[in-house]
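What follows is a single structure, written as structure tokens, with notes after it.
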Amino acid sequence: MRLVGGASQNENRDGVTHLTLWQGINPPPNREVFDKLVAKFNRSHPKIEVESLYIGQSDRQLPKILAAIVGDAKPDLLWYGSMLTGQLVDLEAIEPLDERWNRSTVTKDIDPALLGSMQYENHLWSIPFGTNNVGIFYRPSLFKAAGIEKIPTNWPEFQATAKQLTRDSNGDGKIDKYGMLLPLGQGEWTVFTWLPFMWSGGGELKSGKITAIDNPGSIAALKLWQDLVKDGHAILSSPERGYELDNFLAGKVAMQLTGPWTFGQLAGMNFTDYDVMPIPAGTRSATSTGGENLFMMKSTPAHQQAAWEFMEYVLSEYFQTEWALGTGYLPVNLKARDRSSYRDYVSKTPATQVFLDQAKYGRARPIEPGYSQISENLGRAIESVLMNKNSPAAALKTAQERLNLSLNR
12 MRLVGGASQN
22 ENRDGVTHLT
32 LWQGINPPPN
42 REVFDKLVAK
52 FNRSHPKIEV
62 ESLYIGQSDR
72 QLPKILAAIV
82 GDAKPDLLWY
92 GSMLTGQLVD
102 LEAIEPLDER
112 WNRSTVTKDI
122 DPALLGSMQY
132 ENHLWSIPFG
142 TNNVGIFYRP
152 SLFKAAGIEK
162 IPTNWPEFQA
172 TAKQLTRDSN
182 GDGKIDKYGM
192 LLPLGQGEWT
202 VFTWLPFMWS
212 GGGELKSGKI
222 TAIDNPGSIA
232 ALKLWQDLVK
242 DGHAILSSPE
252 RGYELDNFLA
262 GKVAMQLTGP
272 WTFGQLAGMN
282 FTDYDVMPIP
292 AGTRSATSTG
302 GENLFMMKST
312 PAHQQAAWEF
322 MEYVLSEYFQ
332 TEWALGTGYL
342 PVNLKARDRS
352 SYRDYVSKTP
362 ATQVFLDQAK
372 YGRARPIEPG
382 YSQISENLGR
392 AIESVLMNKN
402 SPAAALKTAQ
412 ERLNLSLNR
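Take any residue in the sequence shown, count from 1 to its spot, add 11: that is its number in this note's numbering.
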């Protein structure tokens, strides 16, 4: 089996090493930023040509990636969340990076807090491409219209705020403004944006080496979301489209879960009626650390060396600054965070500071092979509760039982 764009179809031609990179960068304006940075790399590296190929949303990429691995048609570089690490290692599809990382001069500038997303079984398997975390974007004009002056900092205040924002603004007897948009679906986006509430409520995904998602903190977080919907203070997104901003931009909802990657999209639309708040605390402050990593797939030594040159470029102060300025992602390079152009950007986009400050409370998703099953079962549980088909306790009990059969045994 051969897939177009695989590394096996990009041998050296005319002394140039041709690399393929698969990615699912969204929204499209962020993809345009990356394409321009790839083009700059190609211009400054005449012996290397990187072809960046968009292969769809993250949830839809995995079948293509696995088919390419089985069919020996892998790309040279893969952009994906670090949660895939364990599975790629088990498939012997990626190259460890320890030696290259230790020899490099740029790696000393990378935020050490991100090492957890790179390490598995005592090896480094990827580099951080960009980092972010989940917060709540809100419409200040709608807060003002509802008479809200204080940003909620805990769950009771958050529920009260959502209630106050839910209104019949034109007096026709029908609710036309809602406090919150919550993501509907079983996919990773739903899980990723729910996890901050689980961690904030005191929940965990693991108890030692055992997956233990059925716990009081998880139940409390799921009940919080359920109550927002049942009370009519939150509406659900279209299935698997919780990242879309249409209702937020139209003023139908006042709050939405998303991250700093949204800044670039809003700037491109000249939309300024927004601000950001941290995830309100349950028993503690928490958020999900996101972002994607770059993996070096197994290939020829020449391709791997060229791939590493591109990876060092991605880690560089220049790339990380330009990527952050163009998209809103947080730089993984600490020098980039101190660069005057980035400091100026933060001063002009003060909401960025919310994500920088919240990063210390960030929690990463597990990167061992079983995470896809954890995510799948959590997604099913969350959806069943939001659709009022199950109680939080019953949904998580069923999810735990499934995981016990497949993971914990």
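Backbone N, C-alpha and C define an ideal beta-carbon position, used for all residues, glycine too.
Distance between beta carbons of residue j and residue i, contact taken as under 8 Å
| i | j | result |
| --- | --- | --- |
| Trp-334 | Arg-111 | That belief does not hold up - the Cβ atoms of Trp-334 and Arg-111 are roughly 21 Å apart, past 8 Å. |
| Val-365 | Thr-142 | That belief does not hold up - the Cβ atoms of Val-365 and Thr-142 are roughly 14 Å apart, past 8 Å. |
| Asn-144 | Thr-298 | 4 Å |
| Ser-63 | Ser-93 | That pair is no contact at about 20 Å. |
| Pro-139 | Gly-302 | 6 Å |
| Leu-441 | Leu-206 | In the structure as shown, the chain starts at 12 and stops at 420, and residue 441 therefore has no counterpart that could be examined. |
| Arg-295 | Gly-373 | That pair is no contact at about 13 Å. |
| Asp-284 | Ser-115 | The Cβ separation is near 43 Å, so there is no contact. |
| Gln-267 | Leu-256 | 7 Å |
First through last residue of the alpha helix (DSSP H) which encompasses residue i
| i | result |
| --- | --- |
| Ile-7 | The chain is shown only over 12 to 420; residue 7 falls outside these bounds and no answer can be derived. |
| Met-209 | 199-211 |
| His-314 | 312-326 |
| Tyr-353 | 351-359 |
| Leu-341 | Careful: Leu-341 lies outside any alpha helix (DSSP H) and carries neither H nor E. |
| Lys-408 | 403-414 |
| Leu-216 | Leu-216 -> no alpha helix (DSSP H), and no H or E assigned at all. |
| Leu-367 | 362-369 |
Proximity of residue i and residue j at Cβ, strictly below 8 Å
| i | j | result |
| --- | --- | --- |
| Gln-197 | Arg-42 | no |
| Phe-306 | Leu-88 | yes |
| Ile-224 | Leu-407 | yes |
| Val-287 | Phe-148 | yes |
| Lys-185 | Ala-265 | no |
| Leu-414 | Thr-222 | yes |
| Gly-26 | Gln-369 | no |
| Leu-367 | Phe-259 | no |
| Glu-379 | Gly-158 | no |
| His-56 | Ala-173 | no |
| Ala-375 | Ser-128 | yes |
Through-space distance from residue j to residue i, alpha-carbon basis
| i | j | result |
| --- | --- | --- |
| Gly-16 | Arg-71 | Note that Gly-16 has pLDDT 46, beneath the 50 cutoff, so the model's placement of it is unreliable and no number is given. |
| Thr-300 | Asp-183 | 42 Å |
| Gly-219 | Ile-385 | 15 Å |
| Leu-345 | Val-117 | 11 Å |
| Gly-422 | Arg-178 | With the chain represented from 12 up to 420, any question about residue 422 goes unanswered, as that position is not in the structure. |
| Ala-347 | Gln-331 | 6 Å |
| Met-12 | Ile-76 | With a pLDDT of only 32 at Met-12, under 50, the local geometry of the prediction cannot be trusted, and no value is derived from it. |
| Met-209 | Lys-58 | 48 Å |
| Phe-154 | Ala-232 | 24 Å |
| Ser-310 | Leu-95 | 19 Å |
| Leu-83 | Met-308 | Per the sequence shown, the amino acid found at residue 83 is Asp instead of Leu. Distance between the alpha carbons of Asp-83 and Met-308: 11 Å. |
| Val-402 | Leu-176 | Looking at the sequence shown, residue 402 is not Val but Ser. Between Ser-402 and Leu-176, the C-alpha separation is close to 26 Å. |
| Val-100 | Glu-168 | 44 Å |
| Leu-421 | Gln-170 | In the structure as shown, the chain starts at 12 and stops at 420, and residue 421 therefore has no counterpart that could be examined. |
| Ala-292 | Gly-337 | 30 Å |
| Ala-18 | Trp-33 | Residue placement at Ala-18 cannot be trusted, given a pLDDT of 45 that sits under 50; what the coordinates show is reported in the next sentence. Their Cα atoms are separated by approximately 11 Å. |
| Trp-272 | Tyr-340 | 5 Å |
| Asn-304 | Phe-321 | 13 Å |
| Leu-30 | Pro-40 | 23 Å |
Residue range of the unbroken beta strand (DSSP E) whose run includes residue i
| i | result |
| --- | --- |
| Ser-299 | 298-301 |
| His-56 | Here His-56 belongs to no beta strand (DSSP E), and DSSP marks it neither H nor E. |
| Gly-190 | 189-193 |
| Ile-230 | Counting along the chain, Ile-230 falls outside any beta strand (DSSP E), though it belongs to the alpha helix (DSSP H) covering 227-241. |
| Gln-68 | That residue, Gln-68, is in no beta strand (DSSP E); it is neither H nor E in DSSP. |
| Thr-31 | 28-34 |
| Ala-84 | Here Ala-84 belongs to no beta strand (DSSP E), and DSSP marks it neither H nor E. |
| Ala-421 | Outside the displayed range of the chain (12 to 420) lies residue 421, so it cannot be described from this structure. |
Within the segment 101-180, ranges of the alpha helix (DSSP H) (whole runs, at least 4 residues): Unbroken alpha helix (DSSP H) runs of no fewer than 4 residues, entirely contained in the segment 101-180, are found at 109-114, 151-156 and 166-176, following chain order.
Beta strand (DSSP E) runs contained entirely in the segment 257-306, provided each spans 3 or more residues: The DSSP assignment places 264-269, 286-288 and 298-301 as complete runs of the beta strand (DSSP E) inside the segment 257-306, in order along the chain (cut-off: 3 residues).
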